[in-house]
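For reference, the structure is listed below as structure tokens.
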Amino acid sequence: MGAISSIPVVSAAATGDIAAFIRKCGLDAGPVFRGAGIDVRVSSDPYQMIELATFTRLLKLAGEATQCATIGLNVGGRQDPARWGAFGYLVLNSPTIGDALRNVVSHATIWQTGTHFAFRQTKDDIGVEYAITHPAVEHRAQDAEFSIAYVKNIVDRLNERPVTPSDVFFEHDPIAGMDAYEHALGVRPLFNQPTNAIFYPRIYENKRIAFADLQLFPVIKRHLRDMAAAVPKSESLEGDVVYHIRQLLPRGAATLENIAGVMGLQPRTMQRRLKQKGVSFTDLLEQVRHETGTHHLTETSMSISEIAYLLGYCDTSAFIKAFRKQTGTTPSRFRDAQGEDSAGDAGDQ
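Start counting the sequence shown at 5; every next residue gets the next number (the numbering used here).
Listed below in structure tokens is the structure:
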């Protein structure tokens, strides 16, 4: 089965504060946007969509142009939800902070696709989990920091004063000093985590939003439900399943039951929905194992047994058998062939 192919998009309104930040640094935003393949004029239109890959590239290029390692944190923390059209107004007029965070998650596909959003709650905390799931999108670190800072900004606005998160998690390595993170987020994040997430004490879940228009709220929600119904869903379920497989594989826990549970589904329900899309959980699991395995064989010096463990196989022989079935060769021969190809390419230069 091929990889997920739908092109993920994001609202062009997300770029508005990037343009403003570049100008604040005394630079012309036009060339930076053009370098990313975006017309700077779209930044003021909340209903214009751009490719997510161009947005993440724009964040990278803007950080380089302004020499600001924390551009994602800075710009995400300045986003005005009202500039995001109906989606932003829904969040601002939610009855409680908990409702607002749930609405961020449940209506996220209106303003961004190819990503995993989830509302999380424990005995003590509530929070939002976020990650890009589409394999074609690069430069994810700044986007993750932009998105987590955006959620913090929402909570601060709804509370009408800053709120210190319980925890913040990022998948990537730090790209700035710890003081910068603490200044922007109120806490020092944990890095190299299974996902990007921000959590708040549970007491904020039912905190009323003083300025919310509760008569306008249901009108906006109906409008957004109609918009959401028009958004193609062809990649969303598969993308979420693939995302969770990638996270749980190294722990040996990438089972149908575990992933369905994380996604709030019954295993049979998830199987049925995947079948409707022409795939199975086993298809996706083997796809991720194959893509991850070939990456490590080509790009790392990890041993075959280490790769087998990382992919969740019970032993090395199971990995070798599965790999031979998929490729017609063994992992060792595949690695050797890649090395020979690289040597040949170098010799041709």
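A virtual CB, placed ideally from N, CA and C, is assigned to each residue, including glycine.
- Unbroken beta strand (DSSP E) runs of no fewer than 3 residues, entirely contained in the segment 199 to 256, are found at 200 to 205, following chain order.
- A straight-line Cα-Cα distance of about 10 Å links Val191 and Val167.
- Counting only residues of its own chain and dropping the five nearest sequence neighbours on each side, Arg161 has a CB closer than 8 Å to the CB of Pro85, Leu96.
- In the structure shown, Phe91 falls within a helical segment according to DSSP collapsed to helix, strand and coil.
- With respect to the C-alpha of Gly297, the residue from Thr286, Asp49, Leu260, Glu310 having the closest C-alpha is Glu310.
- Thr119 sits close to Ala135, with the two beta carbons spaced by under 9 Å.
- When the alpha-carbon of Phe215 is set against those of Leu94, Ala73, Leu62, the nearest one is in Leu94.
- In summary, Asn107 is buried, with 16 or more beta-carbon neighbours lying within 10 Å of its beta-carbon over all protein chains present.
- Within the DSSP secondary-structure output, Ala135 pairs in a beta bridge with His120.
- The way I'd put it, the segment 322 to 338 does touch the segment 286 to 302; three or more beta-carbon pairs between them come closer than 8 Å.
- Taking Met53 as reference, the option from Leu31, Gly39, Gly89, Gly34 with the minimal CA-CA separation is Gly89.
- If you draw a 10 Å sphere on the C-beta of Ser98, you find 16 or more other C-beta atoms in it, and that means buried.
- The beta carbon of Asp21 sits closer than 7 Å to those of Val79, Arg82, Gln83, all from its chain and outside the five residues before and after it, given in chain order.
- When secondary structure is reduced to three states using DSSP, Met53 falls in the strand class.
- Cα atoms of Ala153 and Lys329: separation of roughly 45 Å, rounded to the nearest angstrom.
- Residue pairing by DSSP puts Val14 in a beta bridge opposite Ile54, Gln116.
- With fewer than three CB-CB distances shorter than 8 Å, the segment 272 to 288 does not count as touching the segment 224 to 231.
- Within its own chain, the residues whose Cβ lies closer than 7 Å to the Cβ of Ala18, once the five positions on either side in sequence are excluded, are Phe59, listed in chain order.
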